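Engineer: Residue numbers (full-length UniProt numbering): 1 to 259. Backbone N, C-alpha and C define an ideal beta-carbon position, used for all residues, glycine too. Here the structure is a predicted model, which is why all the values come from computation and not from measurement. Pasting in a structure now, in structure tokens, and then I'll have a few things to ask.
Given below as structure tokens:
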């Protein structure tokens, strides 16, 4: 009988994220992300540009910088995601499958929340474009940074992966899983939600020129938080919301820049 219990315990591992104990090693994701997000652009962008200049004896074309930057983001974010999965080996794949299965029942909520958030996002930006300085702005600084990745068609493929798939997944792991779920085991829900909101918005508007730039990204972040909490802290549900929103922004930005 004891041997049967041991076998069952081995085959069906305990849900470590469902316990009251904080999974401390998950927080390694933050320094790993920061490290590779800084390191990869330096290695790839300046490495490729430097080698190109040495071979051709001419300055690299301007679009080459944005292309290699997009590639460096994809490489960095892919490494971060693989590193997080490696921390939990094969166990996390089973958890992800279960979350995908249960996320299907929240599709309508995800779609409605995404539509409302996008309308509010573009609505605030439109109103801000009509206002005079210092409140008004034509584009947020985050939008200007984003448009730099659309300067040449050759970089669109890599921009899609970083913007619609990899970055949303990493941000959901950090802002929802780590801050709300894990820190929420020790702190109040209201506190961790507020902290998640502040950190996420700050990561997008750190170079703002108008305080109104905070509102669009606060709206998108609130949408993700609402989906996450309403779905019973289903990370896949909030990722699908986040990815869907970024897909729409990707398409609109691509049309504005290339057509």
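Report the residue from 190, 68 and 216 whose alpha carbon sits nearest the alpha carbon of residue 128.
Structural biologist: The residue with the shortest Cα to Cα distance from residue 128 is 216.
Engineer: Would you mind reading off the limits of the alpha helix (DSSP H) that contains residue 253?
Structural biologist: Residue 253 -> alpha helix (DSSP H) spans 235–258.
Engineer: Within this structure, are the beta carbons of residue 224 and residue 257 separated by less than 8 Å?
Structural biologist: Their beta carbons are not under 8 Å apart, which means residue 224 does not touch residue 257 by this criterion.
Engineer: Consult DSSP for residue 9 and reduce its assignment to one of helix, strand or coil.
Structural biologist: Residue placement at residue 9 cannot be trusted, given a pLDDT of 39 that sits under 50; the coordinates are not used to answer.
Engineer: Please report the distance separating the alpha-carbon of residue 260 from that of residue 203.
Structural biologist: Residue 260 cannot be examined here, being either before or after the span of the chain that is shown, 1 to 259.
Engineer: Taking only three categories from DSSP, how would you classify residue 139?
Structural biologist: Correct three-state label for residue 139: coil.
Engineer: I think residue 166 touches residue 74, with their Cβ atoms under 8 Å apart; what is that distance to the nearest whole Å?
Structural biologist: The Cβ separation is near 7 Å, so the contact holds.
Engineer: Comparing C-alpha positions only, which one of 121, 66, 63 and 89 sits nearest to residue 25?
Structural biologist: The shortest Cα separation from residue 25 among 121, 66, 63 and 89 belongs to 89.
Engineer: Is residue 21 helix, strand or coil when you go by DSSP?
Structural biologist: Correct three-state label for residue 21: coil.
Engineer: With 16 as the cutoff for other CB atoms within 10 Å, does residue 67 come out buried or exposed?
Structural biologist: Classification for residue 67: buried.
Engineer: Please list, in chain order, all residues of the same chain as residue 178 whose beta carbon is under 8 Å from its beta carbon, the five residues on each side excluded.
Structural biologist: Counting only Cβ-Cβ distances below 8 Å, and skipping sequence neighbours, we find 26, 27, 29 and 30.
Engineer: In the structure shown, what three-state DSSP assignment does residue 58 receive?
Structural biologist: Reduced to three states, the DSSP call for residue 58 is coil.
Engineer: So, at 7 Å on beta carbons, what are the nonlocal neighbours of residue 100 in its own chain, with the 5 sequence-adjacent residues on each side left out?
Structural biologist: Excluding positions up to five away in sequence, the list reads 236.
Engineer: Between the alpha carbons of residue 34 and residue 58, how many angstroms are there, rounded?
Structural biologist: One C-alpha to the other measures close to 33 Å.
Engineer: Suppose contacts are defined by Cβ-Cβ distances below 8 Å. Is residue 147 in contact with residue 253 by that definition?
Structural biologist: Closer than 8 Å, so yes.
Engineer: Applying the criterion that 16 or more other CB atoms from any shown protein chain within 10 Å of the CB defines a buried residue, is residue 234 buried or exposed?
Structural biologist: Residue 234 comes out buried.
Engineer: If you reduce the DSSP assignment to three classes, tell me which class residue 216 lands in.
Structural biologist: Looking at residue 216 - three-state DSSP - the assignment turns out to be helix.
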